[in-house]
Structure formats: C-alpha cells, structure tokens
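Enquirer: Below are the structure tokens for one structure; questions will follow.
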Amino acid sequence: MKKSLWLKVLALSMVLCFGIAGSAFAEKLVIKGSTTVLPVAQKAAEDYMKMHPDVIISISGGGSGKGIKALVDGFTDIANASRFIKKKEINHAMKNNIFPVAHRVAIDAIVPVVHPTNRIKNLTLPQLKSIYQAKIRNWKELGGDDRKIVIISRDTGSGTYEVWHKKVMKKERISPRAQLLASNGAVVQAVKGNKHAIGYVGIGYLGRGLKALDVNGVTASVTTALNGTYPVARPLFMFTNGWPKGVVSDFINFMVGPKGQKIVKEEGFVPLYELGR
Amino acid sequence: MEKAKKRHIREYLIEKWFLFLATISIIILGLIVVFLFKEGLPIFKTVSVGEFLFGQLWYPTDEPADFGILSIIVGSLVVTGISSMIAVPLGVLSAIYISEIAGPGVKEILKPVVELLAALPSVVIGFFGMVVMAPFFQKVFNIPTGLNIVNASLMLAMMAVPTISSLTEDAIHAVRRELREASLALGATQWETISRVIVPASLSGICTAIILGMSRAIGETMVVLMVAGGAATIPESIFDSVRPMPASIAAEMAETPFRSDHYHALFAIGIVLFITTFLFNLIADYISQKYKQVGTATL
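Protein chains in written order, with this note's numbering: chain X, 1 to 277; chain E, 1001 to 1299.
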C-alpha cells in the first residue's frame, strides 16, 4: 500500500521534471488585460500556437487596468486594453523603466440597445445624453409607448463605460439612478428581459434578442465604424514594453495582419481595414 | 534517563509545531488586515472620513471625482435587513421543526435538503435571480425593473437560511436531554417545552446563528452583483435598484488603475465592510458568552 504511494510520487515528480525540461525549449508569451479584447486575443493565440508549436502563450483577462498594471510591473509581455493608457499609468511605468507602446488591433463600436418591442428606431446623441441624465424619463417623450425608461449602464471602471461617457455623455455624469452592470453579457440579459430598458453593448453582442438603435441616423456596422460616420466607436489596443521584438513582434504582426483581422471580424469587432474575400 | 529527556524534547517540539500551525491563520488574517488598511487609508488624503462615509455621490472615475459611499452602505444594509427578515424566521423555525417535531423519516429528507441549499454556488443563485426571478417580478408587480432590493434580498435569504438553520440546529441539539425530559415529565405540552425550555436554553446559540447568517448576507458578492441592479442611489422603495458594498468592489476593482484614488477608495469600502462583519462577529461572540446557559436553575 505504502509502496504504491511512493511509486506514484516518483512517477509524478518524473513527469514534472520532464514537463519543465520540455517547456524550457519553448518560448513563452504572456498576455493579460481587457475582457473586451480577450476573445480576440484568445482565438488569435490558439491559431498562432498552431502555426508555431514552439511558442506557449498564456492568456488571461482581468480588465484593461489590470493588464496595464501587469505590463508596468513586468508581469506580462502584452497588455490588452480597451482604452488608451492614462497619464498616471505612464508615470508609473516610467518609474519602473517600462516604455509602453500602443498597437491598435481592432475597432469596437458601441451600440445603444432596447427591447425588441420598443418602437423607437433612432436617437440623436443629445437625446441619448438626456436619457442617461434621467432628464427624459418616459419613452413617450421620444415618440414611443407610455413606459418608464430604465437606464442600464456599465460599471464606471469598464472601458465600454468610458467610451460612452466620453462620446455620448460628453464627460457629464450619468444619473445615479442608472443600473450599473458588470459585463456586456449582463446588459444583454437585462435589456432582453425588460421592455422599459435601454442599454449599450459592443457591436459583437448585437442580435441576441436585442433591438439596436441608430445613432444620429447612422446604423452601426463595419463600414460606418471604419469610415468614422458612426459616432460611438473606439480603438482596441495591445500595449508592449518598448517597440516589440522577437515573438512579441511576430504575434503583434499576426494580430494586425489579415489572419488576425479575420479573427477580429469573426468575434464581432470591426477590423482595421476592409478584408479581401 | 536519557530516554525520558528525548521524549520531553519531542513533546516540546510537537507542541510548538501545533502552536505554529494554529497561529498561521492568525498571521494570515493579520497580514490581510494590514494590507487592507495600507491600501485603503490613502484615500483619506483626498477626501475626509465624513465626506467618504456620508457623501451621497459615487462618481469615482470623473474628473474631479466624488467618493461618497452613503448610498452604497445604505444599499448593503437594506438588502441585508430585508433578507434577514425573510431568512431568520425560515431558518430558525425550520431548525426547530427538524430537530424537535419532525419524525425520523421527514428529518432524514429535510436535513440534507436544507444543507444542500448551502452547497449551491452563489453564482448559480445569482443567475437564477437574474434570468428567472427578475422577469417574474416585473410581470407580477408590474414594475420597471426586476433587478431590485426584493429580488436580491430573496436570493440572499436563500443563502443565509442553511447557515442559520444548521447552526440553530446545533444549538438546539446541545440542550441537555434532562431539561427536555424534565419539562415533559412535569406535564408540559410539546409546544410549551419548545417555547419555554428548548428555545430559551439555546438562545445564545440561536443569536449566534442569526448574526453569522446576516454577516454571510452582507459579505455575499456574486448574488448582489448580479441581482441588485447596481444603481448607486439611496432607494425610495423596495423595488428600486441598489449597489451594495461587495458588488461595488467586485465590479470596479478589475478596471481601476493601480494605486489611483479610485483603487484606494475601493479598498476603503473593503475596510468599512470588514469593520461591519467584524462587529457582527463580535456581537455574536458577546451574546454567546453572556447568555450562555450554564446551569439549569435560571430557566
């Protein structure tokens, strides 16, 4: 009985040793950060590892802030971010002798959504702003049915909120009555099940029992986001320490190249350029 | 002689080893508290304690930012209060039923089922509240949103009931048999025995159970994050959305820049939460010490 236990321990330690020895030959790449960029980075990493079996990519989410913090502290090679780096973070990085370089990898368009039974089709930016300031409180004021408006927003720390705050609210405050939900998925759930609700999600989350609204008469799409006519769009970034070299550089090139951009499109974001067929 | 000395040393070493193991958890707790305060206190360079605790506006990412958490504290208290109003009678009464009244067959089924409720992951309960209960509330009460205080309290109560119930059961179980037998022998009915003997004798245990159940509810994160709605405002009705403390921390921490004011403010909310649950535990401890049933004469 005891002997077999020892054998097991021995076998396990041998496996571990070989495992460590085996992985010593492989190059490692660590990616952390924004949950918005996560699905794209995940798929890209899988495809990249298939093409380069000698590279091991470990990838995790946690949010833009966490990713940049990890880059600043030297814990990651690439930091995904759904926003640009902030001044405080740059100062922090400089102190640690880290020089963050931004690489734009995709564009995300943020779309206001309502319940499918809502009759409203289009809202202007000022109208959206008044709704989120709780100055307009009933859909009937906008030509819809007589229903109270339930405002659904994202948490104030999220990259999606930041874009909405800047592009729609013009940096003015969202009413404290707004429900703040923790993810795109949660907003989809909440709006889908609520005839009163208005929310906003990334363009990749459309079509799941939601009605997307036009903004200033422009429908959100790849074309309108790319040519800049759709007003609520933002770039998504990968940050590296200094101009990338070696595997990091190769991966970033893969990301912005046609193969990476195809993944961007498949995951519901807007690619950086029109993709040939 | 030599042998005895060796044994003595061995005894000594074993004793110290056990002491070390026992203190590990205290050391870890201590380190966490130190870290919590170290990361939380710097916010009070930016805002005063009064502004932080009693300010009603929570706009942590604006320039200039507002760090008032009164509405967040109220959110936590309201949700915890209502959930206790549901969970305490349910938990205590079901424990009394299971341990005193139910026959062995019913007991065999009820006890594991109540305990199984504790095994449900909080995210599952949260999902249930979000996808099933929220639309249900909206339809039945014709209210604009189902993600509200009532829904969150109900889900939290579901989580607190097993805690309260099983701890209460333990307390009742600890009542000495001769008390029960004496009461029945004196001609008291079963109801009289329960209400005048069993419950008073286990009162300290029951209070501890209630308070631990409440501190479970106030610290619970996932459920309130998913179901409470997350509006940082002081509620006007029980069908309004609120944003309890754990939900704020969990939702915002991931995206906040490291060591920014917002980051420190979230840790400061953590301090408030820690002090609250710590007080709850202190009270529980105090009650269980003070009202401990020592003899049988005081009943």
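Yeah, the Cβ is synthetic: ideal placement off N, Cα and C, and Gly gets one too. A quick note: this is a predicted structure, and the numbers were derived from the prediction, not measured.
#1: Looking at chain X, which residues of the stretch 1236-1261 of chain E have a Cβ within less than 7 Å of any of its Cβ atoms?
#2: Is there at least one Cβ from chain E nearer than 7 Å to X/Glu89's Cβ?
#3: Would you list, in sequence order, the uninterrupted alpha helix (DSSP H) runs of no fewer than 4 residues that lie entirely inside the stretch 1213-1277 of chain E?
#4: Considering only residues of the stretch 39-89 of chain X, which uninterrupted alpha helix (DSSP H) runs meet the minimum length of 4 residues and lie entirely inside it, listed in chain order?
#5: The beta strand (DSSP E) with X/Arg104 in it runs from where to where?
#6: By a C-beta neighbour count over all protein chains shown, 10 Å radius and 16 as the cutoff for buried, is X/Val188 buried or exposed?
#7: Would you give the residue range spanned by the beta strand (DSSP E) that X/Met278 belongs to?
#8: In whole angstroms, what is the alpha-carbon distance linking X/Pro126 and X/Gly199?
#9: Hey, quick one: how far does the alpha helix (DSSP H) through E/Arg1180 stretch, first residue to last?
#10: So what does DSSP say about X/Ile198, is it helix, strand or coil?
#11: With 16 other CB atoms within 10 Å as the buried threshold, where does X/Ser23 fall?
#12: I need the DSSP call for E/Ser1071, collapsed to helix, strand or coil.
#13: How many whole angstroms separate the CB atoms of X/Asn194 and E/Thr1145, which I take to be in contact at a CB cut-off of 8 Å?
#14: In whole angstroms, what separates the C-alpha of X/Leu206 from that of X/Pro116?
#15: Check for me: the alpha helix (DSSP H) holding X/Glu162 runs from which residue to which?
#16: Below 7 Å CB to CB, which residues in the same chain sit around E/Phe1037 once its five sequence neighbours on both sides are set aside?
#17: How many Å lie between E/Leu1029 and E/Ser1195 at the Cα?
#18: Since I believe E/Ala1157 is in contact with E/Ile1218 (beta carbons under 8 Å), could you give me their beta-carbon distance rounded to a whole number of angstroms?
#19: Check each candidate in E/Gly1091, E/Leu1186, E/Glu1178 and E/Ser1260 and name the one with the smallest Cα separation from E/Ala1209.
#20: Would you report the Cα separation of X/Ala26 and X/Val248, rounded to the nearest angstrom?
#21: Under three-state DSSP, which class holds X/Ile149?
#22: May I ask you to report which of helix, strand or coil DSSP gives X/Gln133?
#23: Measuring straight from C-alpha to C-alpha, what distance separates X/Asp146 and X/Ile136?
#24: Quick one: which chain X residues come within Cβ less than 7 Å of E/Glu1265?
#25: Terminal residues of the continuous alpha helix (DSSP H) containing E/Leu1116?
#26: Tell me whether E/Glu1051 sits in a helix, a strand or coil according to DSSP, three-state version.
#27: By a C-beta neighbour count over all protein chains shown, 10 Å radius and 16 as the cutoff for buried, is E/Gly1187 buried or exposed?
#28: How many angstroms separate the CA atom of X/Lys171 from the CA atom of E/Leu1057?
#29: For a test of the three-state rule: what should DSSP assign to X/Asp155, helix, strand or coil?
#30: X/Met94: buried (16+ other C-beta within 10 angstroms of its C-beta) or exposed?
#31: Mind pulling the chain X residues with CB within less than 7 Å of E/Met1155?
#32: Against chain X, with Cβ distances strictly below 7 Å, would E/Gly1230 count as a contact?
#33: Pick helix, strand or coil for E/Ala1174, following the three-state DSSP scheme.
#34: So which of X/Met51, X/Arg119 and X/Asn97 has the shortest CA-CA distance to X/Val72?
#35: Which of the three DSSP states is assigned to E/Ile1194 in this structure?
#36: Using only alpha-carbon positions, find the residue among X/Ala106, X/Asn122 and X/Val105 that is nearest to X/Val113.
Expert: Looking at the coordinates:
#1: Against chain X - using a Cβ distance shorter than 7 Å - the residues of the stretch 1236-1261 of chain E are Ser1241, Arg1243, Ala1251, Glu1252, Ala1254, Glu1255, Thr1256, Pro1257, Phe1258 and Ser1260.
#2: Counting from 1 along the first sequence, the entry for residue 89 of chain X is found at position 89. Yes, because at least one Cβ of chain E sits closer than 7 Å to the Cβ of X/Glu89.
#3: If one requires a minimum length of 4 residues, the alpha helix (DSSP H) runs lying completely within the stretch 1213-1277 of chain E are 1222-1227 and 1245-1253, in chain order.
#4: Correct list: 64-72.
#5: Along the first sequence, read from residue 1 onward, the residue named residue 104 of chain X stands at position 104. In the DSSP assignment, X/Arg104 falls within the unbroken beta strand (DSSP E) covering Pro100 to Val114.
#6: To locate residue 188 of chain X, count along the first sequence from 1; it is residue 188. When all chains shown are included, X/Val188 counts as buried.
#7: Not covered by the structure: residue 278 of chain X. The range shown for chain X is 1 to 277.
#8: Counting from one through the first sequence, the residue named residue 126 of chain X turns up at place 126. Counting from one through the first sequence, the residue named residue 199 of chain X turns up at place 199. Going by the C-alpha atoms only, they are around 16 Å apart.
#9: The count along the second sequence starts at 1 and reaches residue 1180 of chain E at position 180. Here the alpha helix (DSSP H) through E/Arg1180 covers Arg1177 to Ala1185.
#10: For this step, residue 198 of chain X is matched to residue 198 along the first sequence. X/Ile198: strand per DSSP, three-state reduction.
#11: For the purposes of this step, residue 23 of chain X is identified with residue 23 of the first sequence, where counting begins at 1. Summary for X/Ser23: the model assigns pLDDT 47, below 50, so the residue's position carries little reliability; its value from the coordinates is reported in the next sentence. Under this definition X/Ser23 is an exposed residue.
#12: Sequence index remark: in the second sequence, residue 1071 of chain E carries index 71 (1-based). Note: E/Ser1071 maps to helix in three-state DSSP.
#13: As a working mapping, residue 194 of chain X is identified with position 194 in the first sequence. As a working mapping, residue 1145 of chain E is identified with position 145 in the second sequence. That belief holds up - the Cβ atoms of X/Asn194 and E/Thr1145 are roughly 6 Å apart, short of 8 Å.
#14: Counting from one through the first sequence, the residue named residue 206 of chain X turns up at place 206. Counting from one through the first sequence, the residue named residue 116 of chain X turns up at place 116. X/Leu206 and X/Pro116: Cα-Cα distance of roughly 12 Å.
#15: Numbered from 1 along the first sequence, position 162 holds the residue referred to as residue 162 of chain X. Residues Gly159 to Lys167.
#16: The residue given as residue 1037 of chain E occupies position 37 in the second sequence. Short of 7 Å from the beta carbon of E/Phe1037, and not among the five residues preceding or following it, lie these beta carbons of its own chain, in chain order: Ile1271.
#17: Stepping through the second sequence from its first residue, residue 1029 of chain E is reached at position 29. Stepping through the second sequence from its first residue, residue 1195 of chain E is reached at position 195. Taking the straight line from one Cα to the other gives about 40 Å.
#18: The count along the second sequence starts at 1 and reaches residue 1218 of chain E at position 218. The count along the second sequence starts at 1 and reaches residue 1157 of chain E at position 157. Contact flag wrong, Cβ pair sits at about 13 Å.
#19: What you label residue 1209 of chain E is simply residue 209 of the second sequence in a count that begins at 1. The closest CA to that of E/Ala1209, considering only E/Gly1091, E/Leu1186, E/Glu1178 and E/Ser1260, is found on E/Gly1091.
#20: Start at 1 with the first residue of the first sequence, and residue 26 of chain X comes out as number 26. Start at 1 with the first residue of the first sequence, and residue 248 of chain X comes out as number 248. Spanning the two alpha carbons is a distance of roughly 14 Å.
#21: Taking the first residue of the first sequence as 1, we reach residue 149 of chain X at position 149. DSSP, reduced to helix, strand and coil, places X/Ile149 outside both helices and strands of the structure shown, so it counts as coil.
#22: As a position in the first sequence, residue 133 of chain X is number 133, starting the count at 1. Coil, per DSSP.
#23: Start at 1 with the first residue of the first sequence, and residue 146 of chain X comes out as number 146. Start at 1 with the first residue of the first sequence, and residue 136 of chain X comes out as number 136. X/Ile136 has its alpha-carbon roughly 12 Å from the corresponding atom of X/Asp146.
#24: As a first step, residue 1265 of chain E is located in the second sequence; it is residue number 265 there, counting from the start. In the sequence as presented, Glu is not what sits at residue 1265 of chain E; that position holds Ala. Going along chain X, no residue has its Cβ under 7 Å from E/Ala1265, so there is no contact; the nearest lies around 11 Å.
#25: Here the question's residue 1116 of chain E lines up with position 116 in the second sequence. Note, E/Leu1116: alpha helix (DSSP H), Pro1104 to Ala1119.
#26: Position 51 of the second sequence, counted from the first residue, corresponds to residue 1051 of chain E. E/Glu1051: helix per DSSP, three-state reduction.
#27: The residue you call residue 1187 of chain E lines up with position 187 of the second sequence. Residue environment for E/Gly1187: exposed (fewer than 16 other C-beta atoms within 10 angstroms of its C-beta).
#28: For the purposes of this step, residue 171 of chain X is identified with residue 171 of the first sequence, where counting begins at 1. For the purposes of this step, residue 1057 of chain E is identified with residue 57 of the second sequence, where counting begins at 1. Approximately 16 Å, taken between the alpha carbons.
#29: Taking the first residue of the first sequence as position 1, residue 155 of chain X is located at position 155. Of the three classes helix, strand and coil, the one that applies to X/Asp155 here is coil, per DSSP.
#30: Locating residue 94 of chain X in the first sequence gives position 94, counting from the first residue. When all chains shown are included, X/Met94 counts as exposed.
#31: What you label residue 1155 of chain E is simply residue 155 of the second sequence in a count that begins at 1. Scanning chain X for C-beta atoms nearer than 7 Å to the C-beta of E/Met1155 yields nothing, as the closest lies near 15 Å away.
#32: Position 230 of the second sequence, counted from the start, is the residue given in the question as residue 1230 of chain E. At a cut-off of 7 Å between beta-carbon atoms, E/Gly1230 makes contact with chain X.
#33: In the second sequence, counting from the first residue as 1, residue 1174 of chain E sits at position 174. Assigned with DSSP and collapsed to three states, E/Ala1174 falls in coil, not helix or strand.
#34: Start at 1 with the first residue of the first sequence, and residue 72 of chain X comes out as number 72. Taking only the C-alpha atoms, the option nearest X/Val72 is X/Asn97.
#35: Here the question's residue 1194 of chain E lines up with position 194 in the second sequence. Reduced to three states, the DSSP call for E/Ile1194 is helix.
#36: The count along the first sequence starts at 1 and reaches residue 113 of chain X at position 113. The residue with the shortest Cα to Cα distance from X/Val113 is X/Asn122.
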